[in-house]
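Undergrad: Numbering (full-length UniProt numbering), first residue to last: 1 to 342. All residues carry an ideal CB built from backbone N, CA and C; glycine is no exception. If you're wondering where the values come from, they're calculated on a predicted model, not measured in any experiment. I have a structure here, written as structure tokens, and I will follow up with some questions on it.
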């Protein structure tokens with residue numbers, strides 16, 4: 001039995017540009033369940049996104065910035081039998097635009113795992129028609145989506161932009177609650193370490209990751225990976241203390257499957273003083289996952305990880321000519337009646 005994520009849908013009229021094949025699209029007021037159709041259609045479209053990522057762009061391209069609580073989802077990417085963020089966002093877009101998967105070509109920048117959260121996931125989709133105003137589309141999407149998924153921003157973008165292949169850098173953070181008793185309000189968003197961690201040693205270890213290295217030793221095997229390039233450039237790796245909360249933040253050109261969680265796991269071992277900071281260069285040089293396993297048997301859980309930000313080159317973020325303004329959401333206003341004075 002598939003779990004459902006109900007949300008009451010907003011019912012706006014969405015204006016389109018003159019000359020469009022559809023002048024008005026209306027969203028019906030309905031319950032928004034987990035899109036079961038996504039699971040059955042995977043037989044026709046491959047789950048790794050190869051079909052949608054390589055299709056030529058016709059029409060108008062749109063960029064989404066998405067935040068989600070990944071606790072109840074099986075990651076971003078399509079799965080055969082579990083609800084994913086991509087599948088649910090696509091179902092909402094289908095209800096609004098009346099377009100199918102092949103037409104929408106929805107692609108995300110980061111394939112977050114089950115239980116991983118996002119504040120700055122980026123995706124793009126395509127429509128054969130243009131919009132005069134994006135605020136109605138924005139309200140409609142968030143009205144249809146479950147409360148655990150929010151569209152933070154929607155904008156028009158140039159055809160050259162690609163949510164995945166145009167990425168300049170990604171930033172992840174991992175939260176560690178370092179106290180004797182876990183804060184129950186943070187249990188879904190931070191890893192609890194009862195060991196007192198040596199943050200100075202963790203910072204020393206993190207410095208060794210910065211730069212261009214072969215990260216084969218820090219990657220888990222994934223059946224979806226198509227011989228990925230193990231050489232990545234880490235731009236910064238910070239360990240910040242905020243009371244009992246440690247926030248490990250890493251920015252890089254890209255990351256291998258579970259690379260961030262494996263690097264954080266080693267930092268925790270260094271923080272426990274079970275390993276020396278100098279062990280990092282040795283493990284990197286080995287290019288062997290077994291070498292990492294000698295020093296840590298821990299893979300930190302996914303719920304502490306969050307995709308915070310994705311950067312692109314400026315030329316990919318320019319609005320096309322005659323594009324509608326970017327929508328960041330809008331506050332509702334109340335028309336106040338004026339009291340008569342006597």
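For a test of the three-state rule: what should DSSP assign to residue 308, helix, strand or coil?
TA: Indexing the chain shown from 1 puts residue 308 at position 308. Looking at residue 308 - three-state DSSP - the assignment turns out to be strand.
Undergrad: Less than 8 Å between the CB atoms is what I'm expecting for residue 193 and residue 181, so what's the real figure, rounded?
TA: Stepping through the chain shown from its first residue, residue 193 is reached at position 193. Stepping through the chain shown from its first residue, residue 181 is reached at position 181. Wrong, their Cβ atoms sit about 12 Å apart, outside the cutoff.
Undergrad: Kindly indicate which residue of 89, 134, 256 has the alpha-carbon position closest to the one of residue 123.
TA: Position 123 of the chain shown holds residue 123. For the residues 89, 134, 256, the minimum Cα distance to residue 123 belongs to 89.
Undergrad: Out of curiosity, what's the CA-to-CA distance linking residue 234 and residue 280?
TA: By 1-based counting over the chain shown, the position of residue 234 is 234. By 1-based counting over the chain shown, the position of residue 280 is 280. Near 14 Å, if we compare the C-alpha coordinates of residue 280 and residue 234.
Undergrad: Tell me the residue span of the alpha helix (DSSP H) that contains residue 286.
TA: As a first step, residue 286 is located in the chain shown; it is residue number 286 there, counting from the start. Counting along the chain, the alpha helix (DSSP H) containing residue 286 begins and ends at 279 to 286.
Undergrad: Would you say the region 282 to 296 touches the region 135 to 150, given that touching needs at least three Cβ pairs under 8 Å?
TA: Result no; under three Cβ-Cβ pairs closer than 8 Å.
Undergrad: Just the C-alpha distance for residue 203 and residue 264, rounded to the nearest angstrom, thanks.
TA: Indexing the chain shown from 1 puts residue 203 at position 203. Indexing the chain shown from 1 puts residue 264 at position 264. Answer to the nearest angstrom: the Cα atoms are 11 Å apart.
Undergrad: Terminal residues of the continuous beta strand (DSSP E) containing residue 194?
TA: Position 194 of the chain shown holds residue 194. Run containing residue 194: none; DSSP gives neither H nor E here.
Undergrad: Is the beta carbon of residue 237 less than 8 Å from the beta carbon of residue 210?
TA: Numbered from its first residue, the chain shown carries residue 237 at position 237. Numbered from its first residue, the chain shown carries residue 210 at position 210. It is a contact, given that the beta carbons lie within the stated cut-off.
Undergrad: What's the call for residue 239, buried or exposed, on a 16-neighbour Cβ count within 10 Å?
TA: By one-based count along the chain shown, residue 239 stands at place 239. Per the 10 Å Cβ criterion, buried.
Undergrad: In angstroms, rounded to a whole number, what distance separates the CA positions of residue 97 and residue 266?
TA: Position 97 of the chain shown, counted from the start, is the residue given in the question as residue 97. Position 266 of the chain shown, counted from the start, is the residue given in the question as residue 266. Using only the alpha carbons, I get a separation of about 46 Å.
Undergrad: Consult DSSP for residue 381 and reduce its assignment to one of helix, strand or coil.
TA: Because the chain in this structure spans residues 1 to 342, residue 381 falls outside the shown range and cannot be described.
Undergrad: Among all the DSSP beta bridges, which residues are the ones paired with residue 120?
TA: Taking the first residue of the chain shown as position 1, residue 120 is located at position 120. For residue 120, which the question treats as bridged, DSSP gives no partner whatsoever.
Undergrad: Taking the C-alpha atoms as reference points, what is the distance between residue 94 and residue 103?
TA: Working through the chain shown from its first residue, we reach residue 94 at position 94. Working through the chain shown from its first residue, we reach residue 103 at position 103. Those two C-alpha atoms are separated by around 10 Å.
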